[in-house]
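Colleague: In the working numbering, the protein residues as written are 154 to 1003. The structure follows.
Next up, the structure:
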């Protein structure tokens, strides 16, 4: 058929349908003179309402009053496209029938296919045989017969719904999961899908029967209704089911109510409010329960067994004042320190530690620009294990930090930097650490011992970890440095700085505990200052060599910094410089090697080292640094212990420091070797070792980590710490991945034998039975984890097992073994379940018999 004939056939079919379809593209009245529509005539149809018809031939049946388009029929109307081998329009009944490879593409991208369509003349309503629907989000419906009414409600008889794609090799194979129901009703106006007499099938096998259920369709982002249930099972709580109910109150705020029914403890109530505003958002969460069985938990002070009501409140928020300034908070408070862990309450304020032993609340004001940074905040700490005493935790308010950098000032060049820090904190009770081993406690009973104390409160036997009362400090520093490259490539970096500190110490010495500080330190109220100028110079000279197998850079580095002696180190309550790790990362630090502001490096010190960098081909590289630090003049700050002996046993306390080294090697893409060490400068015995190897591809991920730290008796660490970690995962198939991890405590067996020696001596003195000698070896497991995960376009399935051993949990007397299960069916929801196996841990405040 020629193109003219095809055009004539399409026009004829469109003209036949035009009258009953409200005249798309045609006026129903006669035009008036001049070509304008007559009064009462319909306006020309909008472009999207025009009908476009394409077919190979057109067949008229005047007796039956039908028009049939035959062969590769395609009709475009109101954003819909209908395709079929044959389309028949019944003018008398105003019905359109599409036969053979029938297909409708909706304006939203949904594709409806079937053997036969029987539709109204506007394609909105009708019946479809052997229907299949593919939505833009890849969800699918199918049914032997379906009906669409009002242009927006689909009723699928014996319908099937799934979000899984069909198997490419065998499309007839059942998908991983599907919902098969007597009727599936999709109401687009309600954005809801209803399932009647439904069952959930996995690989075609029925797994769950649900008489009636409903859920939002794929167009819904937020809708009032029930969310996926949550399950829990522990000895202290019993079996529990949480039923979250989401209230979509407005597009920018909502409320979620979650009652959790626990067979042993009653009903745990949880509520979460979320509110998004033009310049930020905030959330408020609250949880609470009146416990039905308090006996499931041990009594105070080891647990919450005396509490009838337990609960928590958490809130987070962040608001943008303008593009540079933000204000926010992250705060939490609970009736007791065990509540979060006992009832599996998620809390964003948990500290980023292995066993989540602390909740940190903070509020802040932050400002940033390309050359400046400002941060003002406060902190509140809540310990989450019974060994820490709340009265010994500081309330830190405020902490102010300001940093401003001026690049290439006109009068100096280089970089000029201004730093300001203000810190103020208070605590109710002083905290102590006993030397050389912690053996005495403030509370001692036959069943337990709590809160570190000292047998003798003097400087040689006891350290003050924190003063009671108020401690404040204000610091301001200005520094300058500039890189100068001479004609032969040597790099000279002069440096100068001036720092001033003001301390205000108001210790509380009332009471028997706080009064003992006066036997170790000056406990008088005082305000004093400290000024520390510094000048320095760094020298670097890189040597570059190119060979057939790579490019090599060897760079000797030398740095000297001169300062006067540090003053008032024994009068300063060291709060933010307690952690000192001397390694290759801070070897050339201009401001010294202390971690905070309370301590400052004094005297004249030289730091020397050599750096090697090599590149081999496109992927491989290596980087090595080795160096040492020397005290050339003045008093060595690292040999002068403060109230915590910070600096001693650090490797810097002698005139010639320990040797530090660092290595990074990547022989191929995805394979990395890293290591760092600190060696005794005389014996070359390793004082610290950190090493790791990682290998990662799309299929395999593996890592090995090793660490060993020698004792630091002057800091209250009498034993060596040594551990080995192994972690890995394997992509077994494109969808299945298995993972495993183990952490070994390589020094635990020595501690077991030390405890045995003490028990042996006590047994001899008391003439009691001699305890059995421990048979543990060096490879004692501290924790293990196993997991398996399946992920595809419609399903996430994850099962994990973890075990944390008693000696690595705060106060725990038994291992904690947990199994967690998670199943997410895309568009249907998620089910998660966790259960503790075996005994519970006293560190959780849970009774050992439960």
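Note that beta-carbon positions come from the ideal geometry of N, C-alpha and C, so glycine has one too.
#1: Using the Cα positions of residue 727 and residue 834, report the straight-line distance between them to the nearest angstrom.
#2: So, at 6 angstroms on beta carbons, what are the nonlocal neighbours of residue 352 in its own chain, with the 5 sequence-adjacent residues on each side left out?
#3: Have a look at residue 245 and residue 218 and give me their C-alpha separation to the nearest angstrom.
#4: Where does residue 732 sit, in a helix, a strand or coil, going by DSSP?
#5: How many Å lie between residue 587 and residue 538 at the Cα?
#6: Is it buried or exposed, residue 989, if we count other Cβ atoms within 10 angstroms and call 16 or more buried?
#7: The beta strand (DSSP E) that contains residue 633, what's its start and end?
#8: Can you check whether the CB of residue 548 is closer than 7 angstroms to the CB of residue 579?
#9: Tell me whether the beta-carbon of residue 423 lies closer than 7 angstroms to the beta-carbon of residue 411.
#10: When you compare only the Cα positions, how much space is there between residue 175 and residue 204?
#11: According to DSSP, is residue 517 part of a helix, a strand, or is it coil?
#12: Do residue 945 and residue 975 have their C-beta atoms within less than 7 angstroms of each other?
#13: Once you ignore the five residues that flank residue 772 on each side, which residues in its own chain have a CB closer than 8 angstroms to its CB?
#14: Give the C-beta separation of residue 221 and residue 237 to the nearest angstrom, bearing in mind that I take them to be a contact with Cβ-Cβ under 8 angstroms.
#15: With DSSP as the reference, label residue 436 as helix, strand or coil.
#16: Which of helix, strand or coil does DSSP assign to residue 155?
#17: Ignore the nearest five residues each way along the sequence and tell me which others in residue 986's own chain have a CB closer than 6 angstroms to its CB.
#18: Rounded to the nearest angstrom, how far is the Cβ of residue 464 from that of residue 502, given a contact under 8 angstroms?
#19: Secondary structure at residue 910, three-state DSSP: helix, strand or coil?
#20: Pick out whichever of 724, 455, 477, 496 has its Cα sitting closest to the Cα of residue 119.
#21: Which of the three DSSP states, helix, strand or coil, is assigned to residue 421?
#22: Got a sec? Which residues, its chain only, sit under 7 angstroms from residue 912 by beta carbon, not counting five neighbours each side?
#23: Looking at the unbroken beta strand (DSSP E) that takes in residue 383, where does it start and where does it end?
#24: So is residue 317 buried or exposed if we call it buried at 16+ other beta carbons inside 10 Å?
#25: Please report the residue range of the alpha helix (DSSP H) in which residue 494 lies.
#26: Alpha carbon to alpha carbon, how far is residue 751 from residue 559? Give it in angstroms, no decimals.
#27: Just to confirm before moving on: does the CB-CB distance between residue 899 and residue 877 stay below 7 angstroms?
#28: Could you tell me the distance, in whole angstroms, from the CA atom of residue 438 to the CA atom of residue 392?
#29: Rounded to the nearest angstrom, how far is the Cβ of residue 337 from that of residue 309, given a contact under 8 angstroms?
#30: Please go through the same chain and pick out, in chain order, the residues whose beta-carbon is closer than 6 angstroms to the beta-carbon of residue 757, but skip the five residues on each side of it.
#31: Given a threshold of 16 other Cβ atoms within 10 Å of its Cβ, counted over all protein chains shown, does residue 574 qualify as buried or as exposed?
#32: Once DSSP output is grouped into helix, strand and coil, what is the label at residue 917?
#33: Touching or not, the region 585–601 and the region 866–873, by the rule of three or more beta carbon pairs under 8 angstroms?
#34: Short of 6 angstroms in beta carbon distance, which residues of its chain neighbour residue 817, apart from the five on each side in sequence? Order them along the chain.
#35: Output yes or no for whether 7 angstroms exceeds the beta carbon distance between residue 724 and residue 778.
#36: Rounded to whole angstroms, what's the CA-CA distance from residue 980 to residue 328? Just pull it up for me.
Modeller: The answer reads as follows:
#1: Rounded to whole angstroms, residue 727 to residue 834 spans 28 angstroms at the Cα level.
#2: If we look at residue 352 and ignore the five residues flanking it on each side, its Cβ neighbours are 333, 359, 362.
#3: For residue 245 and residue 218, the gap between their C-alpha atoms comes out near 7 angstroms.
#4: Collapsing the DSSP output to three states places residue 732 in coil.
#5: Distance between the alpha carbons of residue 587 and residue 538: 20 angstroms.
#6: A residue is called buried when at least 16 other Cβ atoms come within 10 angstroms of its Cβ; residue 989 meets this threshold and is buried.
#7: Unbroken beta strand (DSSP E) run through residue 633: 622–634.
#8: Against a cut-off of 7 angstroms, the Cβ pair of residue 548 and residue 579 comes out as a contact.
#9: Closer than 7 angstroms, so yes.
#10: With a pLDDT of 33 at residue 175, under the threshold of 50, the modelled position of that residue is not reliable, and no figure is offered here.
#11: The DSSP-derived three-state label of residue 517 is strand.
#12: No. Outside cutoff.
#13: 819, 821, 822.
#14: Going by Cβ atoms, the distance from residue 221 to residue 237 rounds to 11 angstroms, so no, they are not a contact pair.
#15: The answer is strand: DSSP assigns residue 436 an E or B state.
#16: Any reading at residue 155 needs caution, since the residue's pLDDT is 38, under 50, leaving its predicted position unreliable; the model's value is listed next. Three-state DSSP puts residue 155 in coil, outside helix and strand.
#17: Contacts found: 384, 974.
#18: The distance from the Cβ of residue 464 to that of residue 502 is about 15 angstroms, inconsistent with a contact at the 8 angstroms cut-off.
#19: It is helical.
#20: This structure gives no information on residue 119, because the portion of the chain shown stretches from 154 to 1003.
#21: The answer is strand: DSSP assigns residue 421 an E or B state.
#22: Excluding residues within five positions, the ones whose Cβ falls inside 7 angstroms are 924.
#23: If you look at residue 383, you'll find it in the beta strand (DSSP E) that goes 383–387.
#24: Residue environment analysis places residue 317 among the buried positions, since at least 16 neighbouring C-beta atoms fall within 10 angstroms of its C-beta.
#25: Taken as a continuous stretch (DSSP letters only), the alpha helix (DSSP H) holding residue 494 covers 492–495.
#26: About 26 angstroms.
#27: For residue 899 and residue 877, yes; Cβs fall inside 7 angstroms.
#28: So the two alpha carbons sit approximately 23 angstroms from each other.
#29: Between residue 309 and residue 337 the Cβ distance is about 4 angstroms, and since that is below 8 angstroms, they are a contact.
#30: So the list reads 715, 785, 786, 787, once near-sequence residues are dropped.
#31: By the neighbour-count definition (other C-beta atoms within 10 Å, threshold 16), residue 574 is a buried residue.
#32: Note: residue 917 maps to helix in three-state DSSP.
#33: A contact exists between the region 585–601 and the region 866–873.
#34: For residue 817, where only same-chain residues beyond five positions count, the Cβ hits under 6 angstroms are 776, 827.
#35: 7 angstroms or more divides the Cβ of residue 724 from the Cβ of residue 778.
#36: Those two C-alpha atoms are separated by around 15 angstroms.
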